[in-house]
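Q: To convert, take the position in the sequence shown, counting from 1, and add 106; that gives our numbering. The beta carbon of each residue, even a glycine, is placed where N, CA and C say it ideally should be. These numbers were taken from a predicted model, which means no experiment stands behind them. Let me give you the structure first, and then I'll get to my questions.
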Amino acid sequence: MLNLDRTTLPPSLLNNRYQVLGVLGDGSFGMTYLVEDTLMPSARKCVVKQLKPVSDNPQVHQMVQERFQREAAVLEKLGENYDQIPRLYANFVEGNHFYLVEEWIDGVTLTQKIQSEGILNEGTVREILCGILPAIAHIHRHQIIHRDLKPDNIILRNSDRKPVLIDFGAVKETMGAIINSQTNSSHSIVVGTPGYMASEQLAGRPVYASDFYSLGMTAIYLLTGRQPQDLDSDPRTGEIHWQHYAPMISPGFAAVLNRSIHINPAARFASAEEMLTAVLALGSSTLPFGHMQPANMIAAAQPLPSIPHTQFNSTSNFSSPRSQMTPTSAPGSEWKKAVITGGIIGISILGGALLLKSQIPGVSTEVKPSASPSPVASASPSPSSSPAPSAASSPKPSPTAAAPAQPTIPALTQVTDTNATIVGEPGAKNIRSGATTSDRVLYRGIPGDRVRIIGTSRNSDGHPWYQILLPDGGTGWIAGQLVNPDRPIVQAPVSTPVQSQSSDTNATIVGQPGSKNVRSAPGTDNSVAHIAYTGDRVRILDIGNDSGGYVWYKVYFPNSGAIGWIAEQLIQRD
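Right, here's the structure in full:
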């Protein structure tokens, strides 16, 4: 889908070589043209990006020119051996403009795909993530943070449907350099797209996990068709409310996306490899695009390199976890490599499928401003990495993190540290911030997960809840019926009288002992609005039918104030 504007074409050949065919884009940092290379026998089509510094200061122009050469060298290295990043053919300077000549990718952006086809289903979005995460891992291993991941900057190539990563933010940041005349120091305008930018990136402190935030918001756009600015968020926690726009999404995939867009970068995925493992663990469908070998990528990955500090005016610090990866084996025969890689593939994917989260421990690092930019800093500011801990060590949050961190309880490192198992029907189980179903969901576990019970409580109805410690160090509360302790747990004494009939209620929840789903509308395909228990007293407000004709009651819970729909067979009227 090629949309060219020919009304603003330059009058002559660019660099006496590139004939402009049309305008592909016009942004705040310059123009993007589709051109034809007149010096090549094939007259191949290329993309030329014309960039102009935001400042006319001669001192800035000299600094930008030096940085531009470095950024061009980085882009050349990224694309020369990786087919999901456009190759850089040339770069040059004419007048006050800087030019990049890049490979033209014939395809459609994700934005164009949504505009032409509508929102995508979960399977398609998971395939896109599995296709683009190896490219993100590739740039991160080269100490580059993309900084402008969004639907416009991912192209599905027509020839093979592979997703291709375009329009890196590093060069834009170079063009955004300005000089503070009072302090004679330089800094850059923050690069990124509002809504797709994480808070630490908006503050001028991007980290590797900032790209996962942008990718998560991109996936949510593909599932809902809504831009980030159209989504509500919790003013207390910053949590983005989007799942009601995608009611058919699986709890497991929702958990992956919610982790990727967590307001605290330390709570997001530690690496692209870890996020890919989590997505792959959701199902055993064939790998997308006919080219991916994600587990090979995981096996070959090295720990993310530290990135030299860069200078910004912001003073807020964030910590970013690092993954501890197994080093690649020494060179050997091809069959040995295949055996080793295959073993790691099996372990990685099996572990992810069982736990719905990667078992890669992380450590935090702290971002501090440096006095001056380093050679690579302008391309990819990010925290420097601290040494990977031993198995007995535990991650510690940065003391200056701007966003609320998870409780600083040591992460589990041995099976003997656990004392309970998550149980129940197959599917994700909510782990909440408090001991009630109205508290927000922090994590999701699945039956079979091993945890450690570290506290007990009861909700207002007298039902037991456990505070648990997860293998990755996170903590939260889970309903008592969803945990099977290895040995009896002494609950705090509570004197909760059996609910009696009152003028506020006219019915009782019945059925087998345990929890009952109260839904947002009649029918089991609607979202769960509340969890009820056998014996709960309610007031019937209305009656309705689901699509199959079955009767449902709309009920009110006087103790909690919750309202929702429950199947007729689970209600006994007075």
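(1) Taking C-alpha atoms, which residue in T144, I346, T524 and V616 lies nearest to Q675?
(2) Relative to the C-alpha of T562, which residue among Y656, A585, A534 and M303 is closest?
(3) Please name the residue, chosen from I272, D143, V557 and M381, that lies closest to A253 on a Cα-to-Cα basis.
(4) Could you give the DSSP three-state label for Y327: helix, strand or coil?
(5) From the DSSP output, which residues share a beta bridge with N651?
(6) Compare the Cα-Cα distances from G136 to each of A376, L181, Y351 and F204 and report the closest residue.
(7) Suppose the cutoff is 7 Å on Cβ atoms and the five residues either side in sequence are ignored; what does the same chain contact list for H368 look like?
(8) Out of F663, E177, A196 and V199, which has the shortest C-alpha to C-alpha gap to I251?
(9) For D338, which three-state DSSP category applies?
(10) Output the boundary residues of the beta strand (DSSP E) element that contains Q249.
(11) Apart from the five residues just before and just after R538, which ones in its own chain have a Cβ nearer than 8 Å to its Cβ?
(12) When you compare only the Cα positions, how much space is there between I261 and P269?
(13) Where does L308 fall in DSSP's three states?
(14) Using the C-alpha atoms, what's the distance from A196 back to Y139?
(15) Got a sec? Which residues, its chain only, sit under 8 Å from R593 by beta carbon, not counting five neighbours each side?
(16) Mapping the DSSP letters down to three states, classify A243 as helix, strand or coil.
(17) Please classify Y662: does DSSP put it in a helix, a strand, or coil?
(18) Hey, could you find the ends of the beta strand (DSSP E) K622 is sitting in?
(19) Rank I646, D610 and Y662 by C-alpha distance to the C-alpha of A635 and give the top, closest one.
(20) Could you pull out every residue in the same chain whose Cβ sits closer than 6 Å to the Cβ of N632, ignoring the five residues on either side in sequence?
(21) Judging by CA-CA distance, which residue of N202, H569 and E208 is the nearest neighbour of E182?
(22) So L226 is in the beta strand (DSSP E); what residue range does that whole segment cover?
(23) Less than 7 Å between the beta carbons of R556 and A613, yes or no?
(24) CB-CB under 6 Å to K573, same chain, minus the five flanking residues each way: which ones, in chain order?
(25) Measure the CB-CB distance between D610 and R645 and report whether it falls below 7 Å.
(26) State the CB to CB distance for the pair S366 and M354, rounded to an integer number of angstroms; the pair is presumed to be in contact (CB under 8 Å).
(27) Let me confirm a value: M146 is counted as buried when at least 16 other C-beta atoms fall within 10 Å, else exposed. Which label applies?
(28) Cα separation between D338 and I211?
(29) Under the three-state reduction of DSSP, which class applies to R564: helix, strand or coil?
(30) Counting only beta-carbon separations shorter than 7 Å, does P594 have a partner in chain D?
(31) How close, in whole Å, do the beta carbons of N623 and I637 come, if the pair is a contact with beta carbons under 8 Å?
(32) By a C-beta neighbour count over all protein chains shown, 10 Å radius and 16 as the cutoff for buried, is E228 buried or exposed?
(33) Check each candidate in Q125, G358, A372 and V589 and name the one with the smallest Cα separation from Y319.
(34) So what's Y549 in DSSP terms, helix, strand or just coil?
(35) Which residues in the same chain as R332 place their Cβ atom closer than 7 Å to its Cβ, once the five residues preceding and following it in sequence are excluded?
(36) Assuming A378 and A243 are in contact, meaning their beta carbons sit under 8 Å apart, how far apart are those beta carbons, in whole angstroms?
A: The relevant details are as follows:
(1) The residue from T144, I346, T524 and V616 with its alpha-carbon nearest to that of Q675 is V616.
(2) Comparing Cα-Cα distances from T562 to each of Y656, A585, A534 and M303, the minimum goes to A585.
(3) A small fix is needed here, since residue 253 is Arg in this sequence, not Ala. When only C-alpha atoms are compared, the closest one is I272.
(4) helix
(5) V657
(6) If we check each option's Cα against that of G136, F204 comes out closest.
(7) R374
(8) E177
(9) Looking at D338 - three-state DSSP - the assignment turns out to be strand.
(10) Here Q249 belongs to no beta strand (DSSP E), and DSSP marks it neither H nor E.
(11) D545, R546, V547, L548, G582, W583 and I584
(12) Taking the Cα positions, I261 is about 5 Å away from P269.
(13) Note: L308 maps to helix in three-state DSSP.
(14) 14 Å
(15) Excluding residues within five positions, the ones whose Cβ falls inside 8 Å are N525.
(16) helix
(17) Strand, per DSSP.
(18) S621 to R625
(19) The candidate whose alpha carbon is nearest that of A635 is Y662.
(20) R625 and S626
(21) E208
(22) Taken as a continuous stretch (DSSP letters only), L226 belongs to no beta strand (DSSP E), as it is neither H nor E.
(23) no
(24) The sequence given here places Gln at residue 573; Lys does not occur at that position. Within the same chain, and ignoring the five residues on either side of Q573 in sequence, the residues whose Cβ sits closer than 6 Å to its Cβ are I560, G561 and W583.
(25) yes
(26) About 19 Å separates the two Cβ atoms, so there is no contact after all.
(27) exposed
(28) 35 Å
(29) strand
(30) Protein chains in the displayed structure number just one, and chain D is not present.
(31) 7 Å
(32) buried
(33) A372
(34) strand
(35) Y351
(36) 4 Å
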